[in-house]
């Protein structure tokens, strides 16, 4: 039997690339991809023409504009506009061409800043968001609600997964616009090469975060996409349909920094700049629903950091201009 025709949006991103590797490894020979140069997902007419032409059986929406605290603060208009447009165009046109199955990838930042820990799916829309990434979070919440609304009105089977903080191969190692793990890897590596005495990091180091390797996220995404509809609906509700994806374990940013320092082999000291923001005090996901559906992560943090650093070393030349 021929494999389903899958359109994977965002196949060059960190998560999308991991999903593509796993689809190919599983023998899927009918995966459709387009680069940004080939298809601008914020262009409604272009997305319409593309999906009308391809008519995929399944869509995985892993495309997004992403970044850390600095990038979210600097470019809030871009973060809300581009993410809203991409998801609205793809989800609507998926329905228009008769694609019944879609998986939307969101983010743990959808939850309120002071949500009870660990954060359950039911915490959505129960409080104010973290201000530094509110525009991005609003866009991701809208994506969940788009999926739910099309399911309710048109009988589609559009699902949403909300990962915790992700890291791994193909991450963005830009010094200012990257997330915490690649930023730290880059800083510690550059300091090691320069034989620097110290590395200065943002915040106090007291904030707590949960981290999931991108290969685990890809595996979880495909697991959820391919669940029988009855199994998915058994643990979700029509207007609370997203599923958390995490490890269930968090660490302080200080512990994370010390682990990365060890992995990289930097022998100097860490200086904490407490004038810089910590962001949300704690972000730990309750992933009980996903575990009940038969999936759990396989990659420990230090192991994942080692493979990520190895990947960075192999691709270091491509980041030197950033």
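Numbering (the working numbering), first residue to last: 2 to 323. Positions of the beta carbon are idealized from the N, C-alpha and C atoms, including for glycine. For clarity, every value in this text was computed on a predicted model and none was experimentally measured.
Neighbour-count burial assignment, residue i, 16 or more Cβ in a 10 Å radius
| i | result |
| --- | --- |
| residue 268 | exposed |
| residue 258 | buried |
| residue 144 | buried |
| residue 68 | buried |
| residue 9 | buried |
| residue 12 | buried |
| residue 229 | exposed |
| residue 37 | exposed |
| residue 185 | buried |
| residue 26 | exposed |
| residue 1 | Beyond the ends of the chain as shown, which are 2 and 323, falls residue 1; an answer cannot be given. |
| residue 53 | exposed |
Coil, strand or helix - residue i by DSSP
| i | result |
| --- | --- |
| residue 296 | coil |
| residue 214 | strand |
| residue 117 | coil |
| residue 98 | coil |
| residue 225 | helix |
Spatial distance of residue i from residue j (CA atoms)
| i | j | result |
| --- | --- | --- |
| residue 137 | residue 264 | 31 Å |
| residue 2 | residue 237 | Since pLDDT at residue 2 reaches only 39, below the 50 mark, its modelled position is unreliable, and the value read off the structure follows with that caveat. Taking the straight line joining both Cα atoms gives about 31 Å. |
| residue 205 | residue 279 | 7 Å |
| residue 326 | residue 32 | Residue 326 falls outside the range modelled here, since the chain spans only 2 to 323, and no answer is possible. |
| residue 242 | residue 272 | 42 Å |
| residue 1 | residue 107 | An answer regarding residue 1 cannot be provided, because it is not within the stretch 2 to 323 covered by the chain. |
| residue 188 | residue 164 | 25 Å |
| residue 161 | residue 222 | 9 Å |
| residue 147 | residue 200 | 43 Å |
| residue 76 | residue 82 | 10 Å |
Contact set for residue i: own chain, Cβ-Cβ below 6 Å, skip 5 residues either direction
| i | result |
| --- | --- |
| residue 56 | 98 |
| residue 317 | none |
| residue 158 | 101, 102, 230 |
| residue 180 | 69 |
| residue 34 | 9, 12 |
Sequence-distant residues of its chain with Cβ nearer than 7 Å to residue i (five each side left out)
| i | result |
| --- | --- |
| residue 18 | 12, 171 |
| residue 298 | 213, 217, 248 |
| residue 193 | 265, 266, 267 |
Neighbourhood of residue i by C-beta, 8 Å cutoff - its chain only, sequence neighbours within 5 removed
| i | result |
| --- | --- |
| residue 42 | 10, 48, 64, 86, 87, 90, 91 |
| residue 73 | 80, 133, 134, 136, 137 |
| residue 209 | 251, 252, 253, 254, 282, 283, 284, 285 |
Could you tell me which whole beta strand (DSSP E) segments of length 3 or greater appear in the segment 127-196? 158-164, 166-168
- Task: Could you name each continuous beta strand (DSSP E) segment of 3 residues or more that falls completely within the segment 231-310, going from the start of the chain to the end?
- Result: 243-246, 251-253, 270-274
In chain order, which beta strand (DSSP E) runs of at least 3 residues are fully inside the segment 4-43?
7-10
Practice item. Tell me the start and end of each unbroken beta strand (DSSP E) in the segment 49-107 that is at least 3 residues and wholly inside, in chain order. Key: 59-62, 102-106
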